[in-house]
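In what follows, a structure is listed as structure tokens, so that the remarks can point back to it.
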Amino acid sequence: MSFNSNDIISGGKISILSPHAGGNIQDNHYLKKNIFPDNGFDSIIKSAQMGTPLIELGGGRPKVMVVAGVHGNELPPQIAALNLIEYMKNVPVWGTVYLIPFAAPGATMENTRWFKGSDLNRASSSEGSITNVILKFIQMLNLDAVADFHSTKPKSNPGRESVFCTKKPCINSYNIARYITQKTSSELICYEEAGSMYKGALEDECNLRNIPSVTCEVVSENGKVNQGSIERSFLQMKVFLKHFKILR
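Sequence positions in the sequence shown follow the numbering used here and run 355 to 602.
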């Protein structure tokens with residue numbers, strides 16, 4: 355695991371979590387046209403060329419993580435994560451937030467769901483995968499919760515704005531999801547046991563380790579940005595943080 359935390363941004367610091375995932379995200383036309391260069395994202399974009407960027411904001415507990423870009427062609431949450439970083443520079447932060455705006459910049463660069471032939475949201479339990487590296491880091495930090503943000507194309511699975519969770523073995527997954535759906539009108543999709551429907555999903559692997567986790571979905575065509583989808587993902591992220599009173 356590579357963890358270089360020497361780079362500083364306003365109000366936080368940047369580290370490289372996995373050096374094997376890098377890519378020039380600005381090669382993705384649909385992503386680039388939704389990122390405003392005057393927002394100070396240069397250091398994050400440069401870090402993404404070297405691997406999976408990790409941004410740390412705030413301090414103390416609670417400690418949570420926001421993840422986007424596990425599927426490189428799901429663009430709205432990746433852009434929303436950058437917008438969240440910019441937003442949090444200018445408001446009080448009551449706790450610590452670790453943000454991964456691009457889990458696999460190489461896949462984002464190519465605007466593809468897959469990274470080197472692998473669906474990273476089925477590989478979190480596979481030794482050496484990017485999501486497995488993220489999972490180990492989550493455990494090392496002893497985080498209070500994790501939210502993984504995605505987008506889903508219309509008429510697919512799930513094909514609608516929603517929040518996935520499970521009740522066993524970690525009931526707080528359900529509690530977090532219920533709060534987000536109540537505040538955003540996203541649909542609640544709850545399974546009884548983690549890992550019963552999806553193998554190797556980051557959310558499930560966290561819950562199986564008693565780290566409360568949810569997966570949040572907004573609606574957008576794959577590889578594109580549907581109108582309003584960035585704002586909906588951004589709202590889900592803010593409400594997740596408000597659940598822990600990190601944002602107030």
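A virtual CB, placed ideally from N, CA and C, is assigned to each residue, including glycine.
Test item: CB-CB of residue i and residue j under 9 Å
i: aspartate 498; j: arginine 415; result: yes
i: alanine 435; j: leucine 411; result: no
i: lysine 553; j: arginine 476; result: yes
i: glycine 426; j: methionine 463; result: yes
i: serine 479; j: glutamate 559; result: yes
i: tryptophan 448; j: isoleucine 600; result: yes
i: alanine 458; j: glycine 377; result: yes
i: glutamate 428; j: threonine 520; result: no
i: glutamate 584; j: proline 430; result: Sequence inspection shows isoleucine at residue 584; the glutamate mentioned does not correspond to that position. In contact: isoleucine 584 and proline 430 (Cβ atoms closer than 9 Å).
i: cysteine 311; j: alanine 548; result: Residue 311 is absent from the model: the chain starts at 355 and stops at 602.
i: leucine 438; j: phenylalanine 588; result: yes
Residue from the options with nearest C-alpha to residue i
i: valine 568; options: Lys400, Ile584 and Asn526; result: Asn526
i: lysine 299; options: Met419, Ser397, Ile399 and Arg586; result: Nothing can be reported for residue 299: it is not among the residues displayed for the chain, which extend from 355 to 602.
i: serine 540; options: Ile379, Met591, Met494 and Ile370; result: Met591
i: asparagine 576; options: Gly423, Pro407 and Gln380; result: Gly423
i: arginine 532; options: Lys522, Gly460, Cys524 and Ile543; result: Ile543
i: histidine 597; options: Leu474, Asn486 and Asn529; result: Asn529
i: lysine 578; options: Lys522, His504 and Cys570; result: His504
i: methionine 404; options: Lys509, Lys387 and Ser372; result: Ser372
i: isoleucine 370; options: Tyr384, His383, Ile484 and Met442; result: Ile484
i: leucine 474; options: Asn580, Ile368, Glu557 and Val593; result: Glu557
i: valine 451; options: Ile492, Gly482 and His374; result: Ile492
As assigned by DSSP and simplified to three states, the class of residue i
i: isoleucine 439; result: helix
i: phenylalanine 390; result: coil
i: threonine 462; result: helix
i: methionine 355; result: Residue placement at methionine 355 cannot be trusted, given a pLDDT of 41 that sits under 50; what the coordinates show is reported in the next sentence. Residue state, collapsed to three classes: coil.
i: tyrosine 384; result: helix
i: leucine 453; result: strand
i: serine 369; result: strand
i: valine 579; result: coil
i: phenylalanine 469; result: strand
i: valine 573; result: strand
Own chain residues within Cβ distance below 7 Å of residue i, not counting five before or after
i: isoleucine 389; result: Phe395, Ile433 and Leu436
i: arginine 586; result: Glu515 and Val572
i: lysine 386; result: Gln380
Min CB distance residue i to chain C below 9 Å
i: asparagine 465; result: Absence of chain C from the displayed structure is noted, only one protein chain being present.
Proximal residues to residue i (C-beta, below 6 Å), its chain only, five neighbours per side dropped
i: methionine 551; result: Tyr545
i: glycine 366; result: Ile409, Glu410 and Leu411
i: glycine 582; result: none
### Message
List, from N- to C-terminal side, the alpha helix (DSSP H) runs of 4 residues or more that fit wholly inside the segment 473-547.
### Response
Within the segment 473-547, the complete alpha helix (DSSP H) runs of at least 4 residues are 484-495 and 525-538.
### Query
Which residue spans inside the segment 396-427 form an unbroken beta strand (DSSP E) run of at least 3?
Complete beta strand (DSSP E) runs here, min 3: 407-412 and 417-422.
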